[in-house]
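Heads up: the sequence shown runs through residues -24 to -1, 1 to 612, numbered per mature numbering (1 follows the signal peptide of the UniProt record, and there is no 0). Heads up, the beta-carbon is just placed ideally off N, CA and C, and yes, glycines get one too.
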Amino acid sequence: MRVVGQRRGAAALVAAVLVATAAAEWTLDVSCPSQRSVTLTVSDLTAAYECADRTNAAQMGSGYFMVDVNVETLVLELKRSSVDILNFSSSATTKPSIAEAELDFRDFDHLKSLIFTNVAMDSVELLVPNVTTDVRIVNSDINDLSLPLPGEALTQIDLSGTSVAKLPMFLYERDLRSNVNITVDFSLVNGEAELSTKQLNALEENLQTFSAQSWAREYSLSCNMPEILSMTVPTGSATKTIVCGTESASPDMTSASDRSPITSTNNSGAGASFADDSSGVSTGVLVAIIVVAVVVAVLLALFLLRMYVKRKAAKASSPRNDAATTLMSKRDAANKSSFISNDEFLRNFRLPQSDVVLIKSVGTGRLWIGEHHGGKVVLKRVESEVTDSHVTKALMAQARMFATISHPNITCLVGVTWLAGTDFAVVTEFMDKGNLKTMLANTDVDLTISTKLQMCSDVALALAYLHESEQNLCARQLSSQKVLVNKAMKCKLSLFECVPTSGKLGCPNAAYSYGMGEVAWLSPEVITRSCPMDARKNNVYAFGVLVTEIFTRVSPYQSLIEIMGNTMSDIEIVKRVWRQELLAPHDNRQEYLVAPASVQQLVGRCLSYAPMSRPTAKDIVEVLDSAKRELATGSI
């Protein structure tokens, strides 16, 4: 890193940006309208940067410091600091770039949490002090990540929602300690990595050590499908392509069935197990050229076929074709159906393409409302030009897991199918009333205390089912927007929110943004990044918040929102958590105070700062059942 001298003349500061965001917590907005690149210097108690017309600075306390990045490129000059939590975050549509290839935080003696949110980085080497407990790069783009000096305190490496260009280096540069919780979404990993024999052995060792964690299970699952992850390792004077630790078809192999795990390779020459490599190079090159030519021809044919199908659909005069996305041609349908047919498990859930029609997209575009046999359904769809897309395979893996879930308070899997020639889709149950938050805000809908209790019970039953399942499941991010309601006012958790989790690690994304309505639902240990985080306890905390919203029919901390606005109210909630103040998302509203006393006591336990003091989902079901009986008999 470049080191600059101490800045002189504090009076030269034209403007200072100093915003307290939590207890001993500060924010610096990095923005220069006339500059594409800005250098931020972090030194002792100050973080500062210069624009053409001004210098901005912020004091850094010993708590939580956030850098709000609003420039195209940020260059970091890191000297020293006593900050505890450091977050480089952006809310921009285009992710800003962090320019450095090496980020050295070793002189940040108290840095416990290092976070990058919604940014872009090339291959980066992070050097953190021994006290750092967690490194998080979330919802970002990164080429590669190296952590050459992980201290003994490091227990969390989180790449939730982050697209990584290839298998990240920290997974194979050394044997990791077994107490580290790792989150990597392999559906967002693509490209080829180059590994030495030593690195390949380290990867295999880490896969065994972390076999119970979701990233290792996802890695192993990827190995059972066409190549999602690939790497090259040296074999004497040449290299071989490796897929998830097994040899790919090569000149000295007669068939793909001869694949066997590789645990070591010979770097001294061609005298060991790969003695035949050099003699087969010419043949190998010829075979490779032929294979590439065939693949290109097949892909070109598929592309032309898809264009033909789309043109034919566009010319159709049917009103239904004008209003909805139509399905593929019979020839293409046969090709795609055979792809699902190769998966024995999914074959049992395949829906004929002619039975499914898309009507309109909702949300981000992957979720659609559609029709199946005349009734409405919800589809999660991935668009892919090729059948072996890693994104498609990730959704197929999800579909396999969804197929094992069956509960009356979780939307059910209807089936799977292919749309528009290449787009794999998961089809689920449609709920007429939409999400619970929207329904609660509808003042035309009358809800009695009995109905509210039943809604709470519906969600609790879904959580109890997930938490006690053999698959080790949880709700990804429980909130009123993730709960759906049908005409009978029955609540069901969205199937798409059901995810696997390891015993100690919280559900996939522990990062959050201010002003987005997320903070109120996060447990204190998620906000403070305390470890370990138990996914079930996180769900129980969010359930306590959900009960308060069901009874009050307004957003959690609504009084605070009305006074301070969405963003500042979130910041205030974080302050209260750090100060360990009593949390009351219900604002003691009258609508909440009429709830049965046992339910109010239950909410208090759910919102406990101590995760182990919170009830289990099964305990919650029992309390709610008792409250419903008391209400029915008039004993409340």
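- For residue 135 versus residue 108, is the C-beta distance shorter than 7 Å? The residue labelled residue 135 in the question sits at position 159 within the sequence shown. The residue labelled residue 108 in the question sits at position 132 within the sequence shown. No.
- Kindly indicate which three-state DSSP category residue 134 falls into: helix, strand or coil? As a position in the sequence shown, residue 134 is number 158, starting the count at 1. DSSP, reduced to helix, strand and coil, places residue 134 within a strand of the structure shown.
- Report the rounded CA-to-CA distance for residue 273 versus residue 129, giving the unit in angstroms. Within the sequence shown, the letter at position 297 stands for residue 273. Within the sequence shown, the letter at position 153 stands for residue 129. Cα to Cα, residue 273 sits roughly 53 Å from residue 129.
- Message: Under DSSP, the beta strand (DSSP E) around residue 42 begins and ends at which residues?
- Response: The sequence position of residue 42 within the sequence shown is 66, counting from 1. Residue 42 -> beta strand (DSSP E) spans 40 to 45.
- Are the Cβ atoms of residue 358 and residue 406 separated by less than 7 Å? Within the sequence shown, residue 358 is the residue found at index 382, counting from 1. Within the sequence shown, residue 406 is the residue found at index 430, counting from 1. With contacts defined by Cβ atoms closer than 7 Å, residue 358 and residue 406 do not form a contacting pair.
- In the DSSP assignment, find the beta strand (DSSP E) that holds residue 463 and state where it starts and stops. Within the sequence shown, residue 463 is the residue found at index 487, counting from 1. For residue 463, there is no enclosing beta strand (DSSP E), as DSSP marks it with neither H nor E.
- Query: Pairing CB atoms from the stretch 462 to 476 with CB atoms from the stretch 383 to 392, are three or more of them under 8 Å?
  - Reply: yes
- Item | Beta-carbon proximity check, residue 542 vs residue 491, cutoff 7 Å | Locating residue 542 in the sequence shown gives position 566, counting from the first residue. Locating residue 491 in the sequence shown gives position 515, counting from the first residue. A contact, by the Cβ cut-off of 7 Å.
- Hey, is the stretch 575 to 584 in contact with the stretch 501 to 512, meaning 3+ C-beta pairs nearer than 8 Å? no
- Which residues in the same chain have their Cβ closer than 7 Å to the Cβ of residue 432, if we skip the five residues on either side of it in sequence? By 1-based counting over the sequence shown, the position of residue 432 is 456. Contacts found: 523, 526, 600.
- Rounded separation between residue 125 and residue 553 - CA only: As a first step, residue 125 must be located in the sequence shown, where it is residue number 149. As a first step, residue 553 must be located in the sequence shown, where it is residue number 577. Here the C-alpha atom of residue 125 lies approximately 31 Å from the C-alpha atom of residue 553.
- Message: Quick check on residue 418: buried or exposed, where buried means 16 or more other Cβ atoms within 10 Å of its Cβ?
- Response: What you label residue 418 is simply residue 442 of the sequence shown in a count that begins at 1. It is exposed - the Cβ of residue 418 has fewer than 16 other Cβ atoms within 10 Å.
- What residue range is occupied by the uninterrupted beta strand (DSSP E) comprising residue 185? Walking along the sequence shown from the start, residue 185 turns up at place 209. From DSSP, residue 185 is part of no beta strand (DSSP E) but of the alpha helix (DSSP H) over 173 to 185.
- Over the uninterrupted alpha helix (DSSP H) stretch that includes residue 609, give me the two end residues. What you label residue 609 is simply residue 633 of the sequence shown in a count that begins at 1. That run of the alpha helix (DSSP H) goes 593 to 609.
- Item | Residue environment, residue 39, which counts as buried when at least 16 other CB atoms sit within 10 Å | Indexing the sequence shown from 1 puts residue 39 at position 63. Buried: at least 16 other Cβ atoms inside 10 Å.
- In the DSSP assignment, what are the bridge partners of residue 476? The residue labelled residue 476 in the question sits at position 500 within the sequence shown. According to DSSP, residue 476 bridges with 449.
- Task: May I ask you to report which of helix, strand or coil DSSP gives residue 514?
- Result: To locate residue 514, count along the sequence shown from 1; it is residue 538. In the structure shown, residue 514 sits in a helix (DSSP, three-state: H, G or I).
- Can you tell me which of 11, 14, 42, 156 puts its alpha carbon nearest to the alpha carbon of residue 4? Along the sequence shown, read from residue 1 onward, the residue named residue 4 stands at position 28. It is 42 whose Cα lies nearest to the Cα of residue 4.
- Can you tell me which of the three DSSP states residue 369 falls into? In the sequence shown, counting from the first residue as 1, residue 369 sits at position 393. Residue 369 falls in the helix class under three-state DSSP.
- Would residue 266 be called buried (16 or more neighbouring beta carbons within 10 Å of its own) or exposed? Residue 266 sits at position 290 when you count from the first residue of the sequence shown. Exposed, since its Cβ has fewer than 16 Cβ neighbours within 10 Å.
- Task: Would you check if the stretch 589 to 608 and the stretch 439 to 451 touch, i.e. whether three or more CB-CB distances between them fall below 8 Å?
- Result: Touching, per the Cβ criterion.
- Task: Apply the 10 Å Cβ neighbour rule to residue 463 and answer buried if 16 or more other Cβ atoms are within range, or exposed otherwise.
- Result: What you label residue 463 is simply residue 487 of the sequence shown in a count that begins at 1. Within 10 angstroms of the beta-carbon of residue 463 lie fewer than 16 other beta-carbons, which makes it exposed.
- Task: Could you tell me the distance, in whole angstroms, from the CA atom of residue 436 to the CA atom of residue 343?
- Result: Sequence index remark: in the sequence shown, residue 436 carries index 460 (1-based). Sequence index remark: in the sequence shown, residue 343 carries index 367 (1-based). So the alpha carbons of these two residues sit roughly 25 Å apart.
- For residue 387, which of helix, strand or coil comes out of DSSP? Residue mapping note: residue 387 aligns to position 411 of the sequence shown, counting from 1. Coil.
- Task: Run the CB neighbour count on residue 291, radius 10 Å, all protein chains shown included, and call it buried at 16 or more, exposed below.
- Result: As a first step, residue 291 must be located in the sequence shown, where it is residue number 315. Note on residue 291: pLDDT 44, under 50, position unreliable in the model; the coordinate value appears next. Exposed, by the Cβ-count rule.
- Mind reading off the beta-carbon distance from residue 51 to residue 75? Whole number of angstroms is fine, and I expect it under 8 Å. What you label residue 51 is simply residue 75 of the sequence shown in a count that begins at 1. What you label residue 75 is simply residue 99 of the sequence shown in a count that begins at 1. The pair is a contact, with the Cβ atoms about 5 Å apart (cut-off 8 Å).
- With 16 other CB atoms within 10 Å as the buried threshold, where does residue 321 fall? Sequence index remark: in the sequence shown, residue 321 carries index 345 (1-based). So residue 321 counts as exposed.
- Task: Report the residue ranges of all alpha helix (DSSP H) runs contained in full by the stretch 499 to 568; include only those spanning at least 4 residues, in chain order.
- Result: 500 to 503, 511 to 528, 534 to 554
- With respect to the alpha helix (DSSP H) encompassing residue 13, which residues constitute its N-terminal and C-terminal limits? Residue numbering aside, residue 13 sits at position 37 when the sequence shown is read from its first letter. It is not in any alpha helix (DSSP H) - residue 13 instead sits in the beta strand (DSSP E) that spans 13 to 20.
- Query: Secondary structure at residue 381, three-state DSSP: helix, strand or coil?
  - Reply: Position 405 of the sequence shown, counted from the start, is the residue given in the question as residue 381. Of the three classes helix, strand and coil, the one that applies to residue 381 here is coil, per DSSP.
- Query: Buried or exposed: residue 194, going by 16 or more other Cβ atoms within 10 Å of its Cβ?
  - Reply: Sequence index remark: in the sequence shown, residue 194 carries index 218 (1-based). By the neighbour-count rule (16 or more Cβ atoms within 10 Å), residue 194 is buried.
- Query: Can you list, in chain order, the residues of its chain whose CB lies under 7 Å from that of residue 607, leaving out five sequence neighbours each side?
  - Reply: Translated into the one-based positions of the sequence shown, residue 607 becomes position 631. The answer, listed in chain order, is 425, 426, 429, 572.
- Which parts of the stretch 414 to 446 are runs of the alpha helix (DSSP H), unbroken and 4 residues or longer, counting only runs that do not cross its ends? Complete alpha helix (DSSP H) runs here, min 4: 425 to 443.
- Query: Quick one: Cα of residue 18 to Cα of residue 535, how far?
  - Reply: The residue labelled residue 18 in the question sits at position 42 within the sequence shown. The residue labelled residue 535 in the question sits at position 559 within the sequence shown. In a straight line, the C-alpha of residue 18 is about 37 Å away from that of residue 535.
- Item | Counted within 10 angstroms of its Cβ, other Cβ atoms place residue 372 as buried (16 or more) or exposed | Residue 372 sits at position 396 when you count from the first residue of the sequence shown. Label assigned to residue 372: buried.
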